[in-house]
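**Q** I have a structure I would like to understand better, so I am pasting it below and will then ask my questions one at a time.
Numbering (our numbering), first residue to last: -14 to 120.
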């Protein structure tokens, strides 16, 4: 009896269609996951200590559709503008690291560029405020 059920399973067109659909879904899951992971890994690798964990979001069917890496956006430190500049450069490199940056990646890079410019202005102002005691 078990042999008949096994034979029926492999010749049943409905079962065969279900198996094909499952194989297609599994292939889509792998393809999406691999693409999203590669994109997010580029962010994480370039972000160094400022980058958090990779998070991949899935829809109700379990298919990956988006991902992100939290990155610590620097804040302007008037006492150490060079650190702010360095951190902003790291964020910019991280945002633009994937071969296919998203709109959000461009927004993050622009925000970091703005912070970097503020820090450069503070740094220039600090240099102008220092007295030259050797004069």
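From the three backbone atoms N, C-alpha and C, an ideal C-beta is built for every residue, glycine too. From a predicted model like this one, the values you see are computed outputs, not experimental measurements.
Would you check whether the ligand FAD has a heavy atom nearer than 7 angstroms to the C-beta of residue 15?
**A** For the ligand FAD, the structure offers nothing, since it holds no ligand at all.
**Q** Nearest to residue 92 by CA position, among 78, 64, 105, 21, is which residue?
**A** Counted from its first residue, the chain shown places residue 92 at position 107. Residue 92 has its Cα closest to that of 78, out of 78, 64, 105, 21.
**Q** Can you find at least 3 beta carbon pairs, one from the stretch 43 to 57 and one from the stretch 5 to 17, that sit closer than 8 angstroms?
**A** The stretch 43 to 57 vs the stretch 5 to 17: in contact.
**Q** Need the endpoints of the alpha helix (DSSP H) that residue 30 sits in, please.
**A** Mapped onto the chain shown, residue 30 falls at position 45. DSSP places residue 30 inside the alpha helix (DSSP H), whose first and last residues are -2 to 32.
**Q** State buried or exposed for residue -1, treating a residue as buried only when at least 16 other CB atoms are found within 10 Å of its CB.
**A** To locate residue -1, count along the chain shown from 1; it is residue 14. Label assigned to residue -1: exposed.
**Q** If you draw a straight line from the C-alpha of residue 82 to the C-alpha of residue 26, how long is it?
**A** Locating residue 82 in the chain shown gives position 97, counting from the first residue. Locating residue 26 in the chain shown gives position 41, counting from the first residue. Using only the alpha carbons, I get a separation of about 9 angstroms.
**Q** In terms of residue numbering, what span does the beta strand (DSSP E) encompassing residue 55 cover?
**A** Taking the chain shown and counting its residues from 1, the one referred to as residue 55 is at position 70. First-last of the beta strand (DSSP E) with residue 55: 49 to 56.
**Q** What number of angstroms, rounded off, separates the C-alpha of residue 54 from the C-alpha of residue -3?
**A** Position 69 of the chain shown, counted from the first residue, corresponds to residue 54. Position 12 of the chain shown, counted from the first residue, corresponds to residue -3. The straight-line gap from Cα to Cα measures roughly 45 angstroms.
**Q** Buried or exposed: residue 95, going by 16 or more other Cβ atoms within 10 Å of its Cβ?
**A** Sequence index remark: in the chain shown, residue 95 carries index 110 (1-based). Answer is exposed; the Cβ neighbour count stays below 16.
**Q** Considering only C-alpha positions, which residue in the set 46, 42, 21 is nearest to residue 7?
**A** Taking the chain shown and counting its residues from 1, one reaches residue 7 at position 22. Looking at the Cα atoms, 46 is the closest of the given residues.
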